[in-house]
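Have a look at the structure below before the remarks.
Written out as structure tokens, the structure reads:
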């Protein structure tokens, strides 16, 4: 037999073939045609035993068809032929609009066609029924036993793991303790030397952490209520640090936890060695007190053999209040205490989750692009509206994804250890059973620990050193950032919600409560311009360019088309998208898929059981965002060219950043400060500003800004009839209508919000600044601010926006240290007094009323030191270069954000900031046994600059962006003056003077005064002939900056 040359089943590859049979229903067509015919000859069908694939051939036809047995549908072998219904058109118009890049036949391709489901990922779970298993141990510091703990947990198949004496603090993230993200963590740390307890619960088990009253928090106790096998069980773990310590607090906390009708299991190290549990007698007062508590509460103690050796004592105990316990066994040593195995008489159905992931990075894009490029889109889209066109395009894309994107099954809850480790563990347990704590057992145990460390180092090297950039960040973030998994929730009545289907509906109800119902009142809004915005251009080459600039990420979208896929098919898909975009804009029909959002809850702060403590993350169509980008670009250019946006608005605008706004704000405050005037600032907090925008009132403002005709109609269609559904673990809620607000997660949403809030300060007498919805009013005249607060209240009433007075704040920046009368000033809005403060956080920078940044430095340094300590826990077996890299990426940005505003000039504060990097370098050198000579020699060895040096460079580059490259726009001169000098002077053309005197510490610290000497002494050749801030940064050498450094070899 003959098989087409491009077919996977070539004659040389298919050695084992079963007999052929006739299959009706396929037409007899000449080679290269796939269209059906009125004749129905029977094709030949066969099977390849080696590859588990079926194949067949129509009689009289040379094209072979292959069928995956698992996929249950036929797929054409890649012979270069176009599938049925997608034949290429040879019209001259389309041939001129589509590049010939993908018109060559794919030919032989590197991997075979694989098939999978249409969704990006699918969970296939198989259930196993077993008794609930609990492990417990006093681990005597868990930091250096994580690999051992994970091995023991996997080997013994523990569902819950409890341990005491964890010796952890807040620098050790839960993500490290979650054992490769397979367990949820509930812990109570002592936050100083020793102590601490923790409970790890398998993610297949539903649970609810127990909230212990604040009066009982002194005890080291943690508890959870788990739901398994239709039974609710309370698991409690406690640690009593010393035999002679007081028991009162611990007993009170345990009695509180026992005041329930649930089955209770209490595990812990109670340090009560003088109790005879068979006879229930005790020989000292502390043990008698513990025994009295046990008998009073009807508890049964199940541990009968010593849990700690030399001396042999029963220190670790297991109590129950019912017959829930099926078996208890004392195992081998885990630390200086033994591991305890507890089996409960509750059957638990555990799920083995197998996640099928589509490997878009390994897709056969040659074949996909070939097929897309050879389709007559004009013919296919005829007689369809924009929504129908996009649905048709989606159906084709999903077929291509199913055919040409490989699928890989991943077991999400498994970790495999090497054969060497498993062999050592088995030998260790055998020796323990025969010889106990013998020398042979200790030697094998030591070998096992060494093997575990080697394996962990190998994994670290694969991900951090030899892996891609994506692997690096994924590995670090998985261990550094807290898990955002959503546990048990509580509804309004306080009942626990564990089922994902109930959780999504609960979140959906919570998110829907924020919407505003329009009051049908249309306020008057004056026309802002006589100009009209023109329609955007949707030419295929523009769309192709936009697609090629997409970030290649596998983002979740309602239509299942990630950005990575679009980027790889940008040329072939540009023409059909051009047709759809034009039709959509012309007819004001926005495809339904573009107006649907997948919402994922993200915890903010407070209790994780309260759904109101979550904010939504909206995920929308990547294809829809491409059209939004083109519309936004046109609208932004129109608004900027006509200067329709307020200069006080710094949010979501190019060349306008948080630092630019804060510098402008700081300059105004210092101007009043020099004039010995107090500046009063009121910070306004809007209630759910983006979600409460009235759509009918937004449309009024759009018309006043010159948005008419097709542009206006398309935006109206884009804003209305939107829906969203909540997603948790691939479980979706029902669709909910979005009644108000600019679309969250969209490209156009932020710009539309700026237009809605743009007129808020039109009538203000005092100064004001905006960053999106963050508003602050400031003036030396308190009466002006009070009047403006009334005007703000009226504006909010007219446009149905709300202010939260309890979240607003007032701060007065005093010009002297003497007691100010600002405390007697009462600012109010909606008859509610706005609270006053001496310290306020503004866009990430903490301002003090005396205009110094000591509080900001304290908070920032504490966070930086904490993050350094976290990374020494996260990167236990990483290389030297990885430590330096992580410091640059995760720690240094904390210290440098907003440095143009707060950068200190006092030697003491400069030393404090530099101490973060100095401490880190010293610890790293000590870890890797590198001789530490001096700080400056060490940073030279690491190829990094001092933090002070970097802050000066940041200041210089920021000044360059303001004066030369115009990359930063500040509608305030920030006290910069550009004097005119003759050209023959030996100085660069951007010489500046400061309008602000250096008479006080606060004015000396200001950006302009701080950097002016260094800036003016820069040689002319540093400035590139064509303005470019990156080139300017590279031209700044150490010699130019060194004279202005405070810290040097001699004093640090």
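Residue numbers (full-length UniProt numbering): 1 to 1052.
Heads up, the beta-carbon is just placed ideally off N, CA and C, and yes, glycines get one too.
- Using the Cα positions of residue 284 and residue 293, report the straight-line distance between them to the nearest angstrom. 14 Å
- Message: According to DSSP, is residue 1008 part of a helix, a strand, or is it coil?
- Response: helix
- Beta-carbon proximity list for residue 807, same chain, < 8 Å, skipping 5 on both sides: 685
- Item | Helix, strand or coil at residue 656 [DSSP, three-state] | strand
- Message: Using the three-state DSSP reduction, which class does residue 724 fall into: helix, strand or coil?
- Response: strand
- Roughly how far, in whole angstroms, is the beta-carbon of residue 543 from the beta-carbon of residue 577, given that I think they are within contact range, below 8 Å? 5 Å
- Query: For residue 717 versus residue 591, is the C-beta distance shorter than 7 Å?
  - Reply: no
- At least three beta-carbon pairs within less than 8 Å, the region 553 to 571 to the region 614 to 628: yes
- Item | residue 572 classed as buried or exposed, judged by whether at least 16 other C-beta atoms fall within 10 angstroms | buried
- Where do the N-terminal and C-terminal ends of the alpha helix (DSSP H) with residue 945 fall, by residue? Note, residue 945: premise wrong, no alpha helix (DSSP H); not H, not E.
- Message: Is the separation between the beta-carbon of residue 220 and that of residue 197 shorter than 7 Å?
- Response: yes
- Less than 7 Å separating the beta-carbons of residue 880 and residue 928? yes
- Item | Alpha-carbon to alpha-carbon, residue 160 and residue 20 | Confidence at residue 20 is low in this model, with a pLDDT of 34, below 50, so its placement is unreliable and no value can be given for it.
- Go through the region 122 to 185 residue by residue and report every complete run of the beta strand (DSSP E) that reaches 3 residues or more, in order. 160 to 164
- Item | residue 705, DSSP secondary structure in three states | coil
- Would you say the region 922 to 937 touches the region 900 to 908, given that touching needs at least three Cβ pairs under 8 Å? no
- Specify, as a first and last residue, the run of the beta strand (DSSP E) that residue 680 falls within. 679 to 684
- Item | Distance between residue 656 and residue 134 (C-alpha atoms, nearest Å) | 56 Å
- Message: Please return the same chain residues whose Cβ sits closer than 6 Å to the Cβ of residue 277, not counting the five positions on each side in sequence.
- Response: 301
- Three or more C-beta pairs below 8 Å linking the region 223 to 235 and the region 190 to 210: yes
- Item | Same chain, Cβ closer than 6 Å to residue 508, neighbours up to 5 away in sequence not counted | 726, 733 and 736
- Query: What residue range is occupied by the uninterrupted alpha helix (DSSP H) comprising residue 987?
  - Reply: Taken as a continuous stretch (DSSP letters only), residue 987 belongs to no alpha helix (DSSP H), as it is neither H nor E.
- Got a sec: is the Cβ-Cβ distance from residue 279 to anything in chain C below 7 Å? No chain C appears in this structure, which consists of one protein chain only.
- Query: Roughly how many whole angstroms lie between the Cα atoms of residue 186 and residue 218?
  - Reply: 16 Å
- Message: Can you look up residue 592 in the DSSP assignment and give me helix, strand or coil?
- Response: helix
- Every unbroken alpha helix (DSSP H) inside the region 811 to 899 [4 residues or more]: 854 to 874, 880 to 886 and 892 to 896
- Message: Tell me the rounded alpha-carbon separation between residue 110 and residue 551.
- Response: With a pLDDT of only 38 at residue 110, under 50, the local geometry of the prediction cannot be trusted, and the value read off the model is given with reservation. Going from the Cα of residue 110 to the Cα of residue 551 covers about 25 Å.
- Item | Local Cβ density within 10 Å of residue 375, reported as buried at 16 or more and exposed below that | buried
- Message: What does DSSP give as the partner residue(s) for residue 768 in the beta ladder?
- Response: 777
- What is the rounded straight-line gap between the Cα of residue 418 and the Cα of residue 633? 54 Å
- Residues bridged to residue 732 (per DSSP): 727
- Query: Buried or exposed: where does residue 484 fall if 16 or more other Cβ atoms within 10 Å of its Cβ makes it buried?
  - Reply: exposed
- Cβ-based burial, residue 961 [other Cβ within 10 Å; buried from 16]: buried
- Task: Could you name the residues of the same chain whose beta carbon sits closer than 7 Å to that of residue 532, not counting the 5 residues immediately before and after it, in chain order?
- Result: 706 and 708
- Task: Give the single residue among 1008, 1001, 194 and 804 whose Cα lies nearest to the Cα of residue 955.
- Result: 1008
- Would you identify the three-state DSSP class for residue 1039, choosing helix, strand or coil? helix
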